[in-house]
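Structure, as structure tokens:
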Amino acid sequence: MDKDYQRRKVYNWEKVIHRYNGLNNSQSQDTSKIVSKEEAKKYVTLIWNIYKNQLYHNFRPQYAYCSEVRIDNHKGRRRACMYNGFYNITDGKRILRKRKTKDGRYMFYKKMCLPSHSRDKQSMIHEISHALAPNACRHGIDFVNIYVYLMVKELKYKLSPIIKALNKHGIKFDFKKSKRIYNYLNKVNREEVK
Numbered sequence: 000m001d002k003d004y005q006r007r008k009v010y011n012w013e014k015v016i017h018r019y020n021g022l023n024n025s026q027s028q029d030t031s032k033i034v035s036k037e038e039a040k041k042y043v044t045l046i047w048n049i050y051k052n053q054l055y056h057n058f059r060p061q062y063a064y065c066s067e068v069r070i071d072n073h074k075g076r077r078r079a080c081m082y083n084g085f086y087n088i089t090d091g092k093r094i095l096r097k098r099k100t101k102d103g104r105y106m107f108y109k110k111m112c113l114p115s116h117s118r119d120k121q122s123m124i125h126e127i128s129h130a131l132a133p134n135a136c137r138h139g140i141d142f143v144n145i146y147v148y149l150m151v152k153e154l155k156y157k158l159s160p161i162i163k164a165l166n167k168h169g170i171k172f173d174f175k176k177s178k179r180i181y182n183y184l185n186k187v188n189r190e191e192v193k
């Protein structure tokens, strides 16, 4: 199994970036913007549906249909996490293997654990970036590319301090791996320089 070689660096960088954008508490979260479980589900499902298969290949849309991210609270769990893979639709007791869309695609959903203190946009963007990145990525280059893209596009963070902090913390990234990410961040960078 591969080691998550830049996990600690990413967490430290993330704290610096959130602090730069006005979030000063110890967990780098904006506690005034913590939402309910239903609102969190709507938000992460919206982000998933906008960006799935757009930044990186997540699944084959001709065989599978995945349009929902389900949120679990998991009592006793202290940190948010995004589960790898796709989950079958169930009726509460058994898996409904034959559950298909009208055009014959199997229905699945993604699963995220968000304890009540982690239901802010920063944590949700971090976790959905894991879902949008390739499975084996963890906190690697592809994850960082997606996370920076979503920070700039969805959270409206400035790109130049993010890049400076990435370089300062020694975090590996390569925006050219995804044409959409590269084009958008290049455009934002040109606008910030003006």
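Each residue of the sequence shown is one higher than the last, beginning at 0 in numbering that gives the first Met the number 0. Just so it is clear, CB atoms sit at the ideal spot from N, CA and C, and this is done for glycine as well.
For glutamine 26, collect the residues of the same chain with a Cβ closer than 7 angstroms to its Cβ; drop the 5 residues on either side in sequence, then sort them by chain order.
Confidence in glutamine 26 is poor, its pLDDT being 47 and thus under 50, which makes the residue's placement unreliable; the coordinate value appears in the next sentence. No residues qualify anywhere along the chain.
Quick one: measure Cβ to Cβ for tyrosine 19 and proline 160, integer angstroms, because I've assumed they're closer than 8 angstroms.
Going by Cβ atoms, the distance from tyrosine 19 to proline 160 rounds to 5 angstroms, so yes, they are a contact pair.
Nearest to asparagine 87 by alpha carbon, out of Asn72, Lys109, Pro114 and Lys51?
Residue Lys109 is the option with its Cα nearest to asparagine 87.
Contact between the stretch 172 to 182 and the stretch 129 to 148 is defined here as three or more beta-carbon pairs at a separation below 8 angstroms; is this criterion met?
The stretch 172 to 182, when compared against the stretch 129 to 148, does touch it at the 8 angstroms Cβ threshold.
Given that a residue counts as buried once 16 or more other Cβ atoms are within 10 Å of its Cβ, and exposed if not, what is asparagine 24?
Low per-residue confidence applies at asparagine 24: pLDDT is 49, beneath 50, and the placement is therefore not dependable, though the value from the model is reported in the following sentence. Label assigned to asparagine 24: exposed.
Using the Cβ count rule (16 or more neighbours within 10 Å means buried), how would you classify valine 68?
That one is buried.
What are the boundary residues of the beta strand (DSSP E) that phenylalanine 107 is part of?
105 to 112 is the span of the beta strand (DSSP E), which, as asked, contains phenylalanine 107.
When burial is assigned at 16 or more other CB atoms within 10 Å of the CB, is histidine 56 buried or exposed?
Exposed: under 16 other Cβ atoms inside 10 Å.
Measure the CB-CB distance between leucine 149 and isoleucine 46 and report whether it falls below 9 angstroms.
Cβ distance < 9 angstroms, so leucine 149 and isoleucine 46 count as in contact.
What separation, rounded to the nearest whole angstrom, lies between the Cα atoms of serine 117 and glutamate 13?
If I take the Cα positions, the gap works out to 14 angstroms.
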